[in-house]
Amino acid sequence: MSSSAAFVRYAFDHLLPLCRDRFADTIHGGFHERLDPAEQPLPLGYKRSMVQARQLYVLAHGALSGDRSGQDAAEQGYDFLVRNFWDDRNGGWFFKVLPDGQPLDSSKDFYGHAFVLFGLAYAHAAFAAPRALTLAQETWVLMRDRLAMPALADGGWGGLAEGASADWVPNGAMRRQNPHMHLLEALLALHEFTGDGAWLSEATAVIRLFQARFFDGATNTLGEFFTQDWRPDPVTGHIVEPGHHFEWAWLLDRYANQGGDTSVLPLADALFDKAVAHGFLPDGGIMDQMDPQGAPILRTRRIWPVAEAIKAALSQARRHHGTSAGDAARALAQRLMDHLRAAFLDPADGRWIETQDETGVPTMRDLPGSTPYHLFLAATEAAAAPISSN
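Counting from 51, one number per residue, gives the positions in the sequence shown under the numbering used here.
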């Protein structure tokens, strides 16, 4: 079986059933935050909107790909999300609830809201979930208006605050590119599933912020942490994450494919090439952090950057098909899928190793409910662009 075929079979035969049968909370509704290595829910005492939305995504994307076995779990998860996380008084979505759905943290988290938008898009596309598009529109209006930060000096969109109180007072936290990246992903999903060009226009505003503030053309790197006025944070502004390079490279390619400005494609190539040149460790793992020149900062590894690198390599192979760059990306995608299976996955039951130390020794075997989103999306990309083994 080819590398891509094995990865796809893992996702549909083992990972999707894990989400459907183990992460789904059959007592209270919604999805468990985390499972232990024996696939039992850990008593963490909360459920986050982000995890609910990511689990909903997996089951919805599975349905769109032909496996509707998770529809019941997805529909009860959607109902739990809407009933318990939506703030009837102030609008928007609570950050956390208790396992039974009672409010726990009513603050408004930008990152969580971005994933709720993403989950709503897929719930609409897969199950025609009631009010999903209306809720997405209401959510985006609230985010755009209540989390708005000052415009850039040239008048460009200034992005959103990291989060806010229950009644939408921004919290002044350090600003990050990461929630903006996932906002872009959600806006592109909404554009894909509705055909409404307004969502693509909103995505373009995020792209322009990426070009103006996140991307450093002098080093071809992506900044992570910023002050309120979009200057690199004095303590953490030098940190670069190869995994996010790969994630942005894939998103920029997707944006262009959906009718966006194709001038972003050289930036996708630059991010991809920088991460490939400097982000890998000698044994083939992907380091967590490096500096703008490519020197390692944190040599530990997590599973999700491998999944994001697979997506990026597949998009590069497709776009540069028939060239040496395309051949190299294709070979890298195959190597990454083999590495994922050998170093992180238990293909027999869907479980995985979440983190490793700098030598590749596992450091976490619990199963966070946020991770299947990365793995399943990478597998669906592999299904769309299969790669044969040598």
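All C-beta atoms in this analysis are idealised placements derived from N, C-alpha and C, irrespective of residue type, glycine included.
Inter-residue Cα distance where the pair is residue i and residue j
| i | j | result |
| --- | --- | --- |
| D217 | S157 | 8 Å |
| A432 | H241 | 22 Å |
| Y161 | L114 | 25 Å |
| H163 | A434 | 28 Å |
| P149 | H78 | 7 Å |
| L85 | D159 | 24 Å |
| G206 | M199 | 11 Å |
| E441 | V256 | As displayed, the chain neither begins before 51 nor continues past 440, which places residue 441 out of reach and without an answer. |
| Y423 | E358 | 11 Å |
| W190 | Q152 | 24 Å |
| H389 | V356 | 8 Å |
| L386 | Q406 | 16 Å |
| F243 | Q384 | 29 Å |
| Y96 | S374 | 49 Å |
| E212 | F276 | 11 Å |
| S215 | A56 | 45 Å |
| W280 | L317 | 20 Å |
| A379 | T76 | 42 Å |
| S439 | S54 | Its pLDDT being 45, under 50, S439 is placed unreliably in this model, and the coordinates cannot settle the point. |
| L106 | D71 | 13 Å |
| L250 | E291 | 26 Å |
| Y172 | A239 | 8 Å |
| R104 | E188 | 20 Å |
| L382 | S365 | 12 Å |
| L183 | W136 | 14 Å |
| G335 | T312 | 31 Å |
| D246 | L427 | 23 Å |
| A436 | H371 | What sits at residue 436 in the sequence shown is Pro, not Ala. Approximately 13 Å, taken between the alpha carbons. |
| R133 | A179 | 13 Å |
Residue i in three-state terms, based on DSSP
| i | result |
| --- | --- |
| G213 | strand |
| D282 | The residue asked about is misnamed: residue 282 is Pro in this sequence, not Asp. Three-state DSSP puts P282 in a strand. |
| V58 | helix |
| W442 | The question about residue 442 has no answer here: the residues shown for the chain are numbered 51 through 440. |
| S439 | For S439, the predicted model reports a pLDDT of 45, less than 50, meaning its position is unreliable; a value from the coordinates is still stated below. Of the three classes helix, strand and coil, the one that applies to S439 here is coil, per DSSP. |
| A429 | helix |
| Q90 | coil |
| T405 | strand |
| W136 | strand |
| T373 | coil |
| V411 | coil |
| L395 | strand |
| A219 | Per the sequence shown, residue 219 should be read as Val rather than Ala. Here V219 sits in coil by DSSP. |
| T271 | strand |
| R225 | strand |
| R349 | coil |
| D416 | coil |
| F265 | strand |
| Q126 | helix |
| H82 | coil |
| P422 | helix |
| W143 | strand |
| A201 | coil |
| L154 | strand |
| A74 | strand |
| R98 | strand |
Proximity to residue i [Cα-Cα], best of the options
| i | options | result |
| --- | --- | --- |
| N221 | S374, L170, L197, P346 | L197 |
| G267 | D195, G334, P342, L395 | P342 |
| E408 | D338, A392, G376 | D338 |
| F130 | R139, W143, R118 | W143 |
| N270 | I360, S365, M340 | M340 |
| F73 | G372, G247, Y172, P91 | P91 |
| L272 | R226, L234, A381, D246 | R226 |
| R194 | A179, L234, L170, F177 | L234 |
| L395 | R70, P87, T76, D75 | P87 |
| D333 | D377, H288, A392 | A392 |
| P412 | R352, R139, E83, I289 | R352 |
| Q278 | L301, V108, A201, C69 | A201 |
| G112 | P418, F177, A367, N134 | F177 |
Short Cβ contact (8 Å threshold) for residue i with residue j
| i | j | result |
| --- | --- | --- |
| S420 | V101 | yes |
| F81 | G127 | yes |
| A362 | F322 | yes |
| A306 | V314 | yes |
| A253 | G310 | yes |
| R369 | D416 | no |
| F168 | A236 | yes |
| R98 | F145 | yes |
| L66 | V108 | yes |
Check: residue i C-beta below 7 Å from any heavy atom of the ligand NAD
| i | result |
| --- | --- |
| L427 | In the structure on display, the ligand NAD does not appear, and there are no ligands present to speak of. |
The region 292–305 touching the region 314–327, judged by at least three CB pairs closer than 8 Å: yes
Three or more C-beta pairs below 8 Å linking the region 345–356 and the region 277–287: no
message: If contact is defined by three or more beta carbon pairs under 8 Å, each pair taking one atom from either stretch, is the region 255–270 in contact with the region 229–247?
response: yes
message: Does the region 54–63 come into contact with the region 395–415, if we say contact requires no fewer than three beta-carbon pairs (one atom in each stretch) closer than 8 Å?
response: yes
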